[in-house]
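Undergrad: Below is the structure I would like to discuss, written out as structure tokens.
Number of protein chains: 2
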Amino acid sequence: MRTSPFDLNQQNAHLESKIVAAFERVAQAFRVLLWQESKVLGLSPIQIQVLIFLLHHAAEKRKVSYLAAEFNLSKATISDTIKTLDQKGLLEKEYLPQDTRSYILHLSAQGEKLAQQAALFANDIQQPIDRLTLGEKERLFAQLTGIIDHLNKAGVISIQRMCLTCSFYVAHRNGMPHYCRLLEKALEQAELRIDCPEHHPVEVIR
Amino acid sequence: MRTSPFDLNQQNAHLESKIVAAFERVAQAFRVLLWQESKVLGLSPIQIQVLIFLLHHAAEKRKVSYLAAEFNLSKATISDTIKTLDQKGLLEKEYLPQDTRSYILHLSAQGEKLAQQAALFANDIQQPIDRLTLGEKERLFAQLTGIIDHLNKAGVISIQRMCLTCSFYVAHRNGMPHYCRLLEKALEQAELRIDCPEHHPVEVIR
DNA sequence: CCATGTAGTTAGGTTTCCTATCTTTGTGGG
DNA sequence: CCCACAAAGATAGGAAACCTAACTACATGG
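First to last, the protein sequences are chains U and S. The first sequence runs 129 to 334 under our numbering. The second sequence runs 129 to 334 under our numbering.
This is the structure:
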């Protein structure tokens, strides 16, 4: 039975669930910002995400199947999205001789312009982060990578290009720093990548 | 031209955007988890969110209009969602004499059971957070509240029940701790609320 | 050269949202 | 006490975001 006029029990939710609630808010903010941007640009949210993705990723990732896995959508949905973007003249398709079923996506000049603009949609989220001190940023980054790594191992996020899931990565352990066998150098915490272009996934036995 | 091998500036130049990218991943994880849960329970994502919301919020917030603002959706969408949940027997409507246009939503016994189960959907996100040390949790929480506060002030998130936007809140400043004039007590960082049932928004002049 | 697998498309349907329009009710000047 | 206006919610109609399933075309390895 309650004795307090305020429901202290509910209010004093554990710190962990408050953190989850906070993440939920931030996630919501992303959705809202993306939605707003989509109205401004006259594109759907997924169209914008594809354009932004194409801005920064290498050839073997610029394909329908990869995009479907990346965004947890069916190939049909992506195929549709690509068709629309193509009709709008924002994309070009490059067919390679070694596999004519598939093609690589490129942004047209207009597409690149739009993508650059779209990429600013998360500005409102970046601003408060810019204001943190370097140490705060590094700790925040470390915690986020830890969470993402866990989510990846739990199978929630299918595709990953983080150092922690890369076969070139040698774990930080027993006082040894993070190390990349491709770059052949030790990495500071803040140097770990979230979206490495050279990422080569570890084979996972499930 | 940069010559130093310890070019910290360069190394950390993109740390902010890496953090944003990491948040984006976590946001994606929420979407995926909610989607999965919706398939398991045979409810839509928004239906689940409404059920969970009703589990913890007070009468004046359990209304169509409030829910629409809460989730950044139109009243029509929420109205529809409520109709479906009602038809499934998960809700009950309470009409008050002082305003018969509106009604307050309550979970039925079955609805509450479902909501309890649905609320576990974020478990995968909570797990890695549980493993952080108390200090890490506190810093993470502080950084998240700072970001959310900024998003709120930037108008991205319309509804807020955080201490930082509450009229009972007296700011942490000049060595003074956070303070709540309703509870009449000082609050530790970790005691700040993300979703306070007693929240009374500050009037904002725009 | 056939069997099997893979890349992408298409068709068709469901769900999720919106805008616009309505009905009903509350409210605050004249 | 009206009447204009606002506010709560419902409804209709439509766009688009998704899915599954079936299909075409090509690759690849016995």
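Note that the Cβ used here is the ideal one computed from N, Cα and C, for glycine as well.
Roughly how many angstroms lie between the CA atoms of Val-168 of chain U and Met-304 of chain U, to the nearest whole one?
TA: Roughly 48 Å between the two C-alpha positions.
Undergrad: Under the rule that 16 or more other beta-carbon atoms within 10 Å means buried, what is Asp-252 of chain U, buried or exposed?
TA: Buried, since its Cβ has 16 or more Cβ neighbours within 10 Å.
Undergrad: Could you name the residues of chain S that Ala-157 of chain U contacts, counting a contact when the two beta carbons are closer than 7 Å?
TA: Residues of chain S passing the Cβ test: Leu-279, Val-284, Ile-285.
Undergrad: Going by DSSP in three states, Val-284 of chain U sits in which element: helix, strand or coil?
TA: Val-284 of chain U: coil per DSSP, three-state reduction.
Undergrad: Quick one: which unbroken beta strand (DSSP E) runs of 3-plus residues sit fully inside the stretch 230 to 309 of chain S? Chain order, please.
TA: Those beta strand (DSSP E) runs which fall completely within the stretch 230 to 309 of chain S and span 3+ residues are 306 to 308.
Undergrad: Buried or exposed, going by whether 16 or more other CB atoms sit within 10 Å of the CB of Gln-244 of chain U?
TA: With fewer than 16 Cβ atoms within 10 Å of its Cβ, Gln-244 of chain U is classed as exposed.
Undergrad: For Val-154 of chain U versus Ala-250 of chain S, is the C-beta spacing smaller than 7 Å?
TA: Contact: no.
Undergrad: Name the residue from S:His-300, S:Ile-174, S:Leu-320 whose alpha carbon lies nearest to the alpha carbon of Asn-200 of chain S.
TA: It is S:Ile-174.
Undergrad: Within the chosen definition, does the stretch 227 to 244 of chain S reach the stretch 176 to 194 of chain S through at least 3 CB pairs nearer than 8 Å?
TA: Counting Cβ pairs under 8 Å, three or more are found: they touch.
Undergrad: If we cut at 7 Å on Cβ distances, does Lys-211 of chain U have a partner in chain S?
TA: No, no contact with chain S.
Undergrad: Look up Ala-314 of chain S in the DSSP assignment and say whether it is helix, strand or coil.
TA: Three-state result, Ala-314 of chain S: strand.
Undergrad: Name the one or two DSSP bridge partners that Asp-208 of chain U has.
TA: Its beta-bridge partners do not exist; DSSP assigns none.
Undergrad: Which two residues bound the contiguous beta strand (DSSP E) that contains Leu-219 of chain U?
TA: Here the beta strand (DSSP E) through Leu-219 of chain U covers 219 to 224.
Undergrad: I'd like to know whether the C-beta of Leu-315 of chain U is nearer than 7 Å to at least one C-beta of chain S.
TA: It does not; no Cβ of chain S falls within 7 Å.
Undergrad: Check for me: the alpha helix (DSSP H) holding His-184 of chain S runs from which residue to which?
TA: Segment 173 to 184, the alpha helix (DSSP H) holding His-184 of chain S.
Undergrad: So that I know if they touch, is there some Cβ in chain S lying closer than 7 Å to that of Asn-200 of chain U?
TA: It does; some Cβ of chain S falls within 7 Å.
Undergrad: Enumerate in chain order the residues of its own chain whose CB-to-CB distance from Glu-319 of chain S is below 8 Å, with the five nearest sequence positions on each side excluded.
TA: The answer, listed in chain order, is His-306.
Undergrad: Taking CB distances under 7 Å as the criterion, tell me whether Arg-229 of chain S reaches chain U.
TA: No, Arg-229 of chain S does not count as interfacial toward chain U.
Undergrad: Round the Cβ separation of Ile-285 of chain U and Leu-279 of chain U to the nearest angstrom and send it over; I've been treating them as touching at under 8 Å.
TA: Yes, Ile-285 of chain U and Leu-279 of chain U are in contact; Cβ-Cβ is about 5 Å, under 8 Å.
Undergrad: Who are the near neighbours of Glu-220 of chain S in its chain, counting only those whose CB is closer than 6 Å to its CB and skipping five residues on each side?
TA: Correct list, in chain order: His-234, Ser-236.
Undergrad: Please report the straight-line C-alpha distance between Leu-272 of chain S and Gln-226 of chain U, rounded to a whole angstrom.
TA: Rounded to the nearest angstrom, the two C-alpha atoms are 48 Å apart.
Undergrad: What distance in whole Å lies between the Cβ atoms of Leu-143 of chain U and Lys-265 of chain S, which are believed to be in contact at a cut-off of 8 Å?
TA: The Cβ separation is near 5 Å, so the contact holds.
Undergrad: Answer with buried or exposed for His-177 of chain S, where buried requires no fewer than 16 other C-beta atoms within 10 angstroms of its C-beta.
TA: What sits at residue 177 of chain S in the sequence shown is Gln, not His. Gln-177 of chain S should be labelled buried.
Undergrad: Going along chain U, which residues have a C-beta under 8 Å from Ala-149 of chain S?
TA: What Ala-149 of chain S touches in chain U: Ile-322, Asp-323.
Undergrad: Check this for me: beta carbons of Pro-325 of chain S and Ala-197 of chain S, under 7 Å apart or not?
TA: No, these two residues do not count as a Cβ contact at 7 Å.
Undergrad: Residues in its own chain within less than 6 Å of Tyr-223 of chain U by CB, not counting five upstream and five downstream?
TA: The residues are Tyr-231.
Undergrad: As a quick exercise: from U:Arg-159, U:Gly-283, U:Glu-188, pick the residue whose alpha carbon is nearest that of His-328 of chain U.
TA: Comparing Cα-Cα distances from His-328 of chain U to each of U:Arg-159, U:Gly-283, U:Glu-188, the minimum goes to U:Glu-188.
Undergrad: Just the chain S side, please: which residues come within less than 7 Å of Thr-261 of chain U by C-beta, in chain order?
TA: Near Thr-261 of chain U there are no residues of chain S at all, since even the closest Cβ is about 11 Å away, more than 7 Å.
Undergrad: Taking C-alpha atoms, which residue in U:Thr-228, U:Phe-151, U:Leu-162, U:Leu-161 lies nearest to Phe-158 of chain S?
TA: Of the candidates U:Thr-228, U:Phe-151, U:Leu-162, U:Leu-161, the one whose C-alpha sits nearest the C-alpha of Phe-158 of chain S is U:Phe-151.
Undergrad: For Lys-146 of chain S, does the three-state DSSP call read helix, strand or coil?
TA: In the structure shown, Lys-146 of chain S sits in a helix (DSSP, three-state: H, G or I).
Undergrad: Alpha carbon to alpha carbon, how far is Leu-310 of chain U from Trp-163 of chain S?
TA: If you take the alpha carbons of Leu-310 of chain U and Trp-163 of chain S, they lie about 37 Å apart.
Undergrad: Going along the stretch 230 to 251 of chain U in order, which residues come within less than 7 Å of chain S, judged by CB to CB distance?
TA: The stretch 230 to 251 of chain U vs chain S, Cβ under 7 Å: Ala-250.
Undergrad: Measuring CB to CB, does Arg-267 of chain U end up less than 7 Å from Asp-323 of chain U?
TA: Contact flag unset, no.
Undergrad: Using DSSP's beta-bridge definition, name the partner residues of Asp-214 of chain S.
TA: Answer is none; Asp-214 of chain S lacks a bridge partner.
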